[in-house]
Amino acid sequence: MASKIIKKTKIMSKLSVNQILRKASYFIPLRFRLLIASLYYRLLRKKRIHFLHIGKTGGTAVKEALKHFQKYKDTRIWLHNHKVTLVDIPQGDKVIFFIRDPISRFVSGFYSRKRQGRPRYSAPWTPEEKEAFQNFRTPNELAKSIFSSDQAVRKKAIHAMRGIYHVNTFLKDWLISKDYILRRKKDILFIGCQESLDKDFELLKKLLGLPRDIELPKDPIKAHKNPPNIDKSLDKDAIENLRKWYAHDYELYDFLLKMRSEILQRIRKCL
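So this is what it looks like as structure tokens:
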């Protein structure tokens, strides 16, 4: 009898916490909601891991693969959307994210928004995006025009770079700065690369103790991939312009690659 009462009390307690968290979403800021959730799972002695979704880095595919394992054994995994940043993650909780070469991310982001996120999503153009895609048909056309000597063309290009979602985002939007990343270094569990997504996901599975048979989606729609026949070519001038435009992003990207190398060495010694 006593065991039944204890079991029922635990269930009621769990339900009440979940209900509170759902209701809290209407009036409590995200950061505090995550803190409440973290404290709750800490009391349950659960590992707390957050997946930060930096745009156009393969995050949709990873989240699709992990969606049924958000509560697995002694681990709670949060699969966050693009709005959640490193600052929102409670101190002491572990963080996972993937990165990508900024120019490659630019090309992917350009075409993702050109097709309005379809077919997986349907996010209509903003007025700024509509104007941008009327002026520039390819990433190369846009990139070549960023520092054009023609003031009118240059103005349109800069307006497009600032108006197209994904194109107008930077690593600092999620990770803040080198100094902040260093302050949170102990919390960063894994840094993957979009360029080695399959290989990194296999390593991530081992790190999290997940079943071997979990796979990244092969369906390009579920993975939210661009079609294979798009024109990804960039002229020399376009690449140079993008290097200038994303200069700060490249500084942070190179810094993260070094940190990733250190993390991978540590992981391979333990596994």
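Yeah, the sequence shown ends on 273 if you go by the numbering used here, and it's all consecutive.
Ideal Cβ positions, reconstructed from N, Cα and C, are used throughout, including at glycine.
Quiz item: Which residues bound the beta strand (DSSP E) around Thr77?
Solution: Residue mapping note: residue 77 aligns to position 75 of the sequence shown, counting from 1. First-last of the beta strand (DSSP E) with Thr77: Thr77 to Leu81.
Quiz item: Could you give the uninterrupted runs of the alpha helix (DSSP H) lying entirely in the segment 101-163, keeping only those of 4 residues or more?
Solution: Runs of the alpha helix (DSSP H) inside the segment 101-163: 104-116, 129-137 and 141-147.
Exercise. Give the secondary structure of Tyr167 by DSSP, where H, G and I count as helix, E and B as strand, and everything else as coil.
Key: Position 165 of the sequence shown, counted from the first residue, corresponds to residue 167. In the structure shown, Tyr167 sits in coil (DSSP, three-state: anything other than H, G, I, E or B).
Quiz prompt | Cβ-based burial, Tyr123 [other Cβ within 10 Å; buried from 16] | solution = Numbered from its first residue, the sequence shown carries residue 123 at position 121. Exposed is the label assigned to Tyr123, since fewer than 16 other Cβ atoms lie within 10 Å of its Cβ.
Quiz item: How many angstroms separate the CA atom of Lys10 from the CA atom of Arg262?
Solution: Sequence index remark: in the sequence shown, residue 10 carries index 8 (1-based). Sequence index remark: in the sequence shown, residue 262 carries index 260 (1-based). Residue confidence is low: Lys10 scores 47 on pLDDT, short of 50, so the model does not pin down where it sits. Its coordinate-derived value is still stated next. Those two C-alpha atoms are separated by around 45 angstroms.
Quiz item: Do you know offhand how far Ile79's Cα is from Ser147's?
Solution: Start at 1 with the first residue of the sequence shown, and residue 79 comes out as number 77. Start at 1 with the first residue of the sequence shown, and residue 147 comes out as number 145. Near 42 angstroms, if we compare the C-alpha coordinates of Ser147 and Ile79.
Quiz prompt | Lys48 to Pro229 span [Cα, whole Å] | solution = One-based indexing of the sequence shown puts residue 48 at position 46. One-based indexing of the sequence shown puts residue 229 at position 227. If I take the Cα positions, the gap works out to 40 angstroms.
Self-check item: Ile178 (DSSP reduced to helix, strand or coil)
Solution: As a position in the sequence shown, residue 178 is number 176, starting the count at 1. Of the three classes helix, strand and coil, the one that applies to Ile178 here is coil, per DSSP.
Self-check item: Proximity below 8 angstroms, CB of Leu81 to CB of Lys69
Solution: Position 79 of the sequence shown, counting from 1, holds the residue named residue 81. Position 67 of the sequence shown, counting from 1, holds the residue named residue 69. It is a contact, given that the beta carbons lie within the stated cut-off.
Quiz item: What are the start and end residues of the alpha helix (DSSP H) that includes His70?
Solution: Residue 70 sits at position 68 when you count from the first residue of the sequence shown. Careful: His70 lies outside any alpha helix (DSSP H) and carries neither H nor E.
Quiz prompt | For Asp251 and Leu54, the rounded distance between their alpha carbons | solution = The sequence position of residue 54 within the sequence shown is 52, counting from 1. The sequence position of residue 251 within the sequence shown is 249, counting from 1. When rounded, the distance between both Cα atoms is 17 angstroms.
Quiz item: Between which two residues does the alpha helix (DSSP H) containing His250 stretch?
Solution: Within the sequence shown, numbered from 1, the residue matching residue 250 stands at position 248. That run of the alpha helix (DSSP H) goes Ala249 to Cys272.
Quiz item: What are the partner residues of Lys187, as DSSP defines its beta bridges?
Solution: On the sequence shown, residue 187 is found 185 positions in, with the first residue counted as 1. Beta-bridge pairing links Lys187 to no other residue.
Quiz prompt | Straight-line gap, Leu37 to Ile91 (C-alpha atoms, nearest Å) | solution = Your numbering for residue 37 matches position 35 in the sequence shown. Your numbering for residue 91 matches position 89 in the sequence shown. Using only the alpha carbons, I get a separation of about 8 angstroms.
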